[in-house]
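Asks:
Residue numbers (the numbering used here): 1297 to 1452.
1) Taking DSSP as the reference, what is the three-state secondary structure of residue 1352?
2) Any contact of the segment 1396 to 1409 with the segment 1372 to 1388, i.e. 3+ C-beta pairs under 8 Å?
3) Candidates 1447, 1365, 1338 and 1345: which alpha carbon is nearest residue 1526's?
4) Leaving out five residues on either side along the sequence, give the residues of the same chain with a beta carbon under 8 Å from the beta carbon of residue 1451.
5) Could you check the C-alpha separation between residue 1369 and residue 1413 for me, to the nearest Å?
6) How would you label residue 1445, buried or exposed, when you count the other beta carbons within 10 angstroms and need 16 or more for buried?
7) Should residue 1376 go down as buried or exposed, given a rule of 16 or more other Cβ atoms within 10 Å for buried?
8) Would you list the residues sitting across from residue 1364 in a DSSP beta bridge?
9) Any heavy atom of the ligand MG closer than 6 Å to the Cβ of residue 1448?
10) Following the continuous beta strand (DSSP E) through residue 1411, name the residue where it begins and the one where it ends.
11) Return helix, strand or coil for residue 1317, following the three-state DSSP convention.
12) Within its chain, find whatever has a CB closer than 6 Å to the CB of residue 1400; leave out the 5 residues flanking it on each side and keep chain order.
13) Cβ of residue 1406 within 7 Å of Cβ of residue 1351?
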C-alpha cells in the first residue's frame, strides 16, 4: 500500500482557492515566502554513505550559493559542480518549507539525482538540507546522499 503525503501548500493555497475561502491563509503563505526569498550563500557539506559498495563514499565541504524566489522556485550552485533546482512549498512546521530538487552536473556523478529538500528559518539564517535515499538490490540499507548548510543572505 502506498501512502501519499499532501503538501501543506495544497492545504493552505489550493483548497481555499478551490473552495473560495480563507484568503488570509494565502496571504500568510506569501508573507512567509518573503522570509526565504532572496540570495543565500554558505559553506555546505556534501556526503554519501554507500553500504552497497558500488562506488566510493564521498565527503566535500565548500562554497554553495543560490536564490529562492517568492514562489518557492530555487537554484543553488556549489563549487563541486553540483546544481540543485526545485520548488518548495510550505510545510507543517513553523517557518519550514519542503519540496523536491534535481541535483545535476556534479563532478562526482553519484551525487546526481532527485533529492528531498527542506528549508527552515529565513531570519537571519536559512538552514537547507538535501537528502536522497537509494535502495540497492541485495542490500538491507540504502545508499544515502546528503547536502546541508546554514546560509546567510547576500546581495549579488
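No residue lacks a Cβ here, since even glycine has one placed at the ideal position from N, Cα and C. Computed from a predicted model, the values in this text were never measured in an experiment.
Replies: The short version:
1) If DSSP states are grouped into helix, strand and coil, residue 1352 belongs with coil.
2) The segment 1396 to 1409, when compared against the segment 1372 to 1388, does touch it at the 8 Å Cβ threshold.
3) A query on residue 1526 cannot be resolved here, the shown segment of the chain reaching from 1297 to 1452 and no further.
4) The beta carbon of residue 1451 sits closer than 8 Å to the beta carbons of 1335 from its chain, once the five residues preceding and following it are set aside; these are given in chain order.
5) Approximately 12 Å, taken between the alpha carbons.
6) Burial call: buried.
7) Per the 10 Å Cβ criterion, buried.
8) Looking at the DSSP assignment, residue 1364 forms a beta bridge with 1334 and 1370.
9) Because no ligand of any kind appears in the structure shown, any question about the ligand MG cannot be addressed here.
10) Counting along the chain, the beta strand (DSSP E) containing residue 1411 begins and ends at 1409 to 1417.
11) Legend: pLDDT at residue 1317 = 46, less than 50; position of this residue unreliable, no value from coordinates given.
12) Same-chain partners within the cutoff: 1379 and 1408.
13) Cβ atoms of residue 1406 and residue 1351: closer than 7 Å.
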